[in-house]
Amino acid sequence: MSSENREHKAWREAFDFPVPGRAEKPRTKGLTMVIDKGLGLTETDDLLDLASDYVDYIKLTFGTSAFYSTRLLQQKITLVRSYGVDIFPGGTFLEIAVLQNRMEGYMERARELGFTYIEISDGTIEMSPEIRRNAIRAALRADLKVICEVGKKDPRENMPHKRMQEQIAADLEHGAYKVIVEGRESGKGVVIYDAEGKIRADELESLVKGVPNPESLIWEAPLKNQQEELIMRFGPNVSLGNIHPAEVLALEALRVGLRGDTLKACIRGLFRPVLRE
Amino acid sequence: MSSENREHKAWREAFDFPVPGRAEKPRTKGLTMVIDKGLGLTETDDLLDLASDYVDYIKLTFGTSAFYSTRLLQQKITLVRSYGVDIFPGGTFLEIAVLQNRMEGYMERARELGFTYIEISDGTIEMSPEIRRNAIRAALRADLKVICEVGKKDPRENMPHKRMQEQIAADLEHGAYKVIVEGRESGKGVVIYDAEGKIRADELESLVKGVPNPESLIWEAPLKNQQEELIMRFGPNVSLGNIHPAEVLALEALRVGLRGDTLKACIRGLFRPVLRE
Amino acid sequence: MSSENREHKAWREAFDFPVPGRAEKPRTKGLTMVIDKGLGLTETDDLLDLASDYVDYIKLTFGTSAFYSTRLLQQKITLVRSYGVDIFPGGTFLEIAVLQNRMEGYMERARELGFTYIEISDGTIEMSPEIRRNAIRAALRADLKVICEVGKKDPRENMPHKRMQEQIAADLEHGAYKVIVEGRESGKGVVIYDAEGKIRADELESLVKGVPNPESLIWEAPLKNQQEELIMRFGPNVSLGNIHPAEVLALEALRVGLRGDTLKACIRGLFRPVLRE
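Protein chains in written order, with the working numbering: chain A, 156 to 432; chain B, 156 to 432; chain C, 156 to 432.
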């Protein structure tokens, strides 16, 4: 929806957002990707009628879209797209298609069903750089946009940052629009998060240092402390993923200083990105 | 809804509630305040069709109501009120209005949108007793009822109990209907809760000792163990806030002994308030 | 719904499920029981339109059904049954009926309201084997199917495995269709779960060893790690209960290897039940 057609917000004239500079849709930064484990049609409509200005992507996570009937999945995809929101199936699907040597058929079916993006990941399986590049190209040929994901789901397989940075660079070069940093649904014990879900600051900084444009990243950040810290670190227009549907407005409040934590930081002058805008 | 018009409950004749004496709506004690982080219209209708007898307030928490269109917010407020439930925006809004010197405009807009209550808090900002009193008066002048809140969101700013007790007394004297004790959405590391969300019994008792009428308090108690302990301490008609929408009936079951924990306490004779009724 | 009438699944031809052999409805193993703390009518319809193939039972948990109007409860029961899903009130109700000497009236009312099953438990109260047997018989006479539950909610009352095994055997002999192993809503500090919700493997094995047919058990397993471990231990067709409505498809993905954790186990050859199928 263009900003001209956007509906009048209830409190627009009453006061200013404490944090200025939040990007509006359509936007290329500050994206919010919602994790969808099985929202029904009515629930989806209800969410987007309220919050579509604050949702960029809906991910039908894991292999959950396998359990939809063709009818319901097509209805849902049509509905989501009518709100100007993109939708894609979880990366686990692509990994299984690779395992079963059915990648092209997978892309075709995704497009036929109406998906607009494909996630390409190797969170669970081993995938050579060649297969990864081929998958990106196959998706683009099938007229699907591509979001890649880096990082292993299993903490025992932790990938060196150098390899993740190379993967990010290669993915973008081969045509991925953005690259997700794995955070899982739990946000615990994976990549930049410790077993309690706290951000390991040194890991974060070391990973980011080798990425030319951090705006190409979407951080999976299901927990509030993660969202808050990433907003404090990168500003209101950091791209965040695996956001629970019920948390979309709460996250937006964090972004613009309408929640205690970031409002406090504004008042104390700790919110550097604001000063920079 | 008057008790005459209330619908017949499905099991009314089948047995008696283990805990007697639960107040019915309209009531002045035993209030339940639901925290709403972004319920859609249909979801709100669905919740209240089932549970409006057990919901007294809906709080559009943080600054989330800033993201509603005027259309949707007015529809939602009208819907909520049609079920005999009051609704108010989160206190963070009032704090920002104070910061931006726009308090009167805020009150007017709240009333225009159809809100019936205003929350006045200083969980994040510093507020002098004079400004607090003026805010209460401005709200009353704008024909809004007032709920105040005491307690700081940030544990490093912990307020002495004496000052909280004075604030509670002053708020009620200046016209607040009830005073909320801060518990945040998380219920952790704030006022009477420790970092794991357990009630610090000594803090609770010391705070309550200086409050002439504990029924003037609404305890934010998002976690089940908190709800259970406060019911055990104050009886089924303690007022509780920040209740997750999906927990409304589970809380009501706790109140009247229709859940294992309080039923057990009834059987063991540990549930003192029952004996007192 | 017979498998002939079942709708076409969106990805059926695109690839095979990594774990084969998942039982389809109507089924006698691999049951999924959803815990319902107060789903509204629309929410229930939305859930089942999407996921009724993966839901066998809905339990209106604790005494929450006491707060429904007769109208709404009958509408909800009719709706749930129209999707080929069974529904029953929480066991706490039966325990209160026993305490108040109103068991027969309770059974009659349950049947009148349209419930298809009754849960018979003694998680909170003491119940003699005679009363338990009588309760099962009264339910069967009232034309209700019976699910029993073993295990105490309060960890201080922990029951020896031998007694639980005897109770399971007696319940099945007296006509119970399945027996639930208590896990509570929290999944913590109860029967096979430690205070953090981890499965105590020795407790699990010791309990199972004395049960002739483990397929007669439904494990309450609200947490993901519990679901995953029980699927790894017993295969995709283990019966699980207290599944949160929002987790139904995520659980189904775990069962068939469409989620990282069980997919990984398949690849590594650790998923013994697959090999056995």
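Where is the CB? At the ideal position from N, CA and C, for every residue including glycine.
Taking C-beta separations shorter than 7 Å and ignoring five residues to either side along the sequence, the partners of E370(B) in its chain run K184, following chain order. Close partners of F270(A) in chain C (Cβ separation under 8 Å) are lacking, with about 10 Å as the shortest Cβ gap.
P284(A) is classed as exposed because its beta carbon has fewer than 16 other beta carbons within 10 Å across all chains shown. R287(C) places its beta carbon 8 Å or farther from that of K308(C).
Against I280(B), the close residues of chain A are L418, K419, I422, in the order they occur along the chain (beta-carbon pairs closer than 9 Å). In this structure the segment 235-253 of chain B touches the segment 268-276 of chain B; the number of beta carbon pairs closer than 8 Å is three or more. Listed in chain order, the non-local C-beta contacts of R292(B) below 8 Å within the same chain comprise H329, G330, local neighbours out to five positions each way being set aside.
Taking one beta carbon from each stretch, the segment 408-418 of chain B and the segment 341-357 of chain C have fewer than 3 pairs nearer than 8 Å; the two do not touch. With a threshold of 16 other beta carbon atoms within 10 Å, R264(B) meets it and is buried. In terms of beta-carbon proximity, K192(B) stays away from the interface with chain C, with every pair separated by 8 Å or more. With contact defined as three or more Cβ pairs closer than 8 Å, the segment 202-211 of chain A and the segment 184-200 of chain B are in contact.
Listed along the chain, the chain B residues whose CB falls inside 9 Å of the CB of R287(C) amount to none; the nearest CB is some 17 Å away. P284(C): member of the alpha helix (DSSP H) spanning 284-296, first to last residue. For E281(A), the three-state secondary structure derived from DSSP is coil. Between the alpha carbons of I386(A) and I354(B) lies a gap of roughly 31 Å.
With respect to chain C, the C-beta atom of E407(B) has a partner C-beta closer than 8 Å. By the 16-neighbour rule on beta-carbons within 10 angstroms, N368(B) is exposed. Bounds of the beta strand (DSSP E) holding D191(C) are 187-191.
Across the structure, K180(A) and V305(C) are spaced so that their CA atoms are roughly 54 Å apart. For V210(B) against R410(B), the beta-carbon gap comes to about 13 Å, at or over 8 Å, which does not count as contact. Within a 10 Å sphere around the beta-carbon of P391(A) sit 16 or more other beta-carbons, which makes this residue buried.
In this structure, DSSP gives Y348(C) an extended state, which the three-state scheme calls strand. Excluding its 5 nearest sequence neighbours in each direction, L295(B) has C-beta neighbours in its own chain below 6 Å: G330, listed in chain order.
About 6 Å separates the CB atoms of G260(B) and A169(A); that is less than 8 Å, so the two are in contact.
The beta carbon of T233(A) sits no closer than 8 Å to any beta carbon of chain C. Within 7 Å of the CB of T197(C), the CB atoms of chain A belong to T197, in sequence order along the chain.
Excluding the 5 residues flanking it on each side, A297(B) has same chain C-beta neighbours closer than 7 Å at M262, E263, R266, in chain order. If the five residues before and after Q230(A) are omitted, its C-beta is found closer than 8 Å to the C-beta atoms of L196, all from its own chain and listed in chain order. When rounded, the separation of the alpha-carbon atoms in M258(B) and V345(C) is 51 Å.
For K343(C), the closest of L406(C), N380(C), T247(C) by C-alpha to C-alpha distance is N380(C).
Per the coordinates, the alpha-carbon of A252(B) lies some 12 Å from the alpha-carbon of M282(B).
Proximity to K364(B) across I323(B), L215(B), T199(B) peaks at I323(B), based on C-alpha coordinates. 8 Å or more divides the Cβ of S220(C) from the Cβ of L249(C).
If the five residues before and after E384(C) are omitted, its C-beta is found closer than 6 Å to the C-beta atoms of I354, all from its own chain and listed in chain order. Take V403(B), set aside five residues on each side of it, and the residues of its chain with a beta-carbon closer than 8 Å to its own are T187, V189, L202, A206, Y209, V210, in chain order. At the C-beta level, F217(B) and I302(B) stay beyond 8 Å of one another.
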